[in-house]
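At position 170 of the sequence shown the residue is numbered 170 (full-length UniProt numbering), and the sequence of numbers has no breaks.
For glycine and all other residues, C-beta sits at the position ideal for the given N, C-alpha and C.
Note that the structure is a prediction, hence the values are computed from the model and not measured.
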Amino acid sequence: METIQGHLYDFPKYYDLIFGSDWKAEFDFLQAAFERYSKKPVTRLYEPACGTGRLLIKLAEAGYEVAGNDLNPHAVKFCNDRFVRKGFEPVATVGDMANFKLPKKVDAMFNMINTFRHLPDEAAAESHLQCVANHLVKGGLYLLGLHLTPLTPQVCTEECWSATKGSLTVNSRLWSIDINPKTRIERIGVNYDVYTPTKQFRIEDETTFRTYTAQQMAMLLLQVPQLELIAVHDFRYDIDGEITISGDTEDVVYVFRKR
């Protein structure tokens, strides 16, 4: 099989097929969270680091006013092309999730699948949370999903997905190469095996995530007191299944409300 060394986000068609195929659970959870945790109707949404817009387009079709940003221009173009095909105006801009300005405050924001951990250091993470707080209306919600690093050995060190659309199939494997607790850097390997009727090839990538124990995340959240933590869920996306974070917790979805 031919192997290509490339950045996974530079191939939005394949990224979207893998991560967009399971949109329904997150979509339903977001709507249920808006209903349960917001004290006012949620109509305007923003997704920092929106990627291909896999959730934004579904929310737009459900009647929400949506927008987002992403550092990767390939992903932003893919997102905007999708919106235009569906009869909407483009909604995504190239921008930094740690430094953005919006013309109008929004009712809710969300970042569901670990993109937060791409922020390289504590200053960038705090800047992101402050940007979120600054652009939410009073009482507005922020839903943030990520993997915490447990104090015990990680239960989940590898994940595999497969998705097919028409004649295109993508098998994806993501695994933890190593974690340095001193630098708080986790090296992640990623493979995409792509199959079409005329060719097959593999895309190989390596990326890094900043690590957060439950305590490290709690200390970070103290730096942005405008965001009140009101609930925690996990990646089962069960609106009735709130969890309590411990040192062994891995998958979390924090629900914040702007004070």
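Checking the DSSP bridge columns, you'll see Ser-172 partnered with Trp-161, Tyr-192.
The C-beta distance from Ile-239 to Phe-256 rounds to 16 angstroms, too long to meet the 8 angstroms contact threshold. Counted as a single uninterrupted DSSP element, the alpha helix (DSSP H) harbouring Val-84 occupies residues 73-85. The stretch 121-140 and the stretch 76-88 do not touch, with fewer than three beta-carbon pairs separated by less than 8 angstroms. Below 8 angstroms, too few C-beta pairs join the stretch 26-42 and the stretch 91-100 to call them touching: fewer than three.
With a minimum length of 3 residues, there is no unbroken run of beta strand (DSSP E) contained wholly in the stretch 114-142.
Beta-carbon to beta-carbon, Phe-235 and Gly-166 are separated by about 28 angstroms, too far to satisfy the 8 angstroms threshold.
Judged by their CB atoms, Ala-214 and Thr-249 are nearer to each other than the 8 angstroms cut-off. Note on geometry: alpha-carbon atoms of Ala-108 and Ala-123 lie some 23 angstroms from one another. Counting C-beta pairs with one atom in each stretch, the stretch 1-21 and the stretch 37-56 have three or more that are closer than 8 angstroms, which means they touch. The Cβ atoms of Phe-209 and His-118 lie closer than 8 angstroms to each other.
Cβ neighbours of Glu-206 within its own chain (closer than 8 angstroms, five residues either side excluded): Ile-177, Arg-187, Ile-188, Gly-189, Val-190. For Arg-44, the three-state secondary structure derived from DSSP is strand.
Under DSSP, Gln-200 shares a beta bridge with Tyr-195. By the criterion of a C-beta distance shorter than 6 angstroms, Thr-115 is surrounded in its chain by Ala-49, once the five residues flanking it on both sides are discounted. Nearest Cα to Phe-29 within the set Gly-247, Arg-259, Glu-242, Ser-246: Glu-242. In the structure shown, the three-state DSSP call for Ile-243 is coil. For the pair Val-106 and Tyr-15, the CB atoms are not nearer than the 8 angstroms cut-off. Beta-bridge analysis with DSSP links Ala-67 to Tyr-46. Selection Leu-221, Val-224, Gln-223, Asn-171 evaluated against Arg-202 yields Asn-171 as nearest (Cα-Cα). Take the alpha-carbon of Gly-51 and the one of Phe-83: they are about 13 angstroms apart. Here the alpha carbon of Lys-39 sits roughly 12 angstroms from the alpha carbon of Arg-259.
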